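Structure record follows, encoded as structure tokens.
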Amino acid sequence: MVDKKLIDILACPACKGDVFEDKGSIECKECGRQYPVVDDIPVMLVDEAKMPENKKNEENE
Ligand SMILES: [Zn+2]
37 MVDKKLIDIL
47 ACPACKGDVF
57 EDKGSIECKE
67 CGRQYPVVDD
77 IPVMLVDEAK
87 MPENKKNEEN
97 E
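When we follow our numbering, the leftmost residue of the sequence shown carries the number 37, and every step to the right adds one.
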């Protein structure tokens with residue numbers, strides 16, 4: 037479980053959007069990237085993020 041105060045101050049490194057915790061990962065509300073959580077520490081790296089399939093097309097436009 038990630039500290040909620042920590043989530044509040046985190047922002048997506050790709051789009052600076054707000055993030056929230058979802059099923060043990062951190063998800064961006066804006067672009068939908070999912071960041072892994074390792075030992076309760078969110079890994080806020082674009083290179084580590086998973087991009088949802090249905091959002092990839094928007095990114096390319
Ligand atoms: Zn984002």
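Every residue, glycine too, gets a C-beta built ideally from N, C-alpha and C. These numbers were taken from a predicted model, which means no experiment stands behind them.
Query	Result
Note the first and the last residue of the continuous alpha helix (DSSP H) segment covering D44.	K40 to I45
Would you say the beta carbon of E66 is closer than 7 Å to some non-hydrogen atom of ligand 1?	yes
If you run the structure through DSSP and keep just helix, strand and coil, what is D58?	strand
Just mark V55 as buried or exposed, buried being the case when its beta carbon has 16 or more other beta carbons within 10 Å.	buried
State the Cα-Cα distance for the pair E63 and E57, rounded to the nearest angstrom.	6 Å
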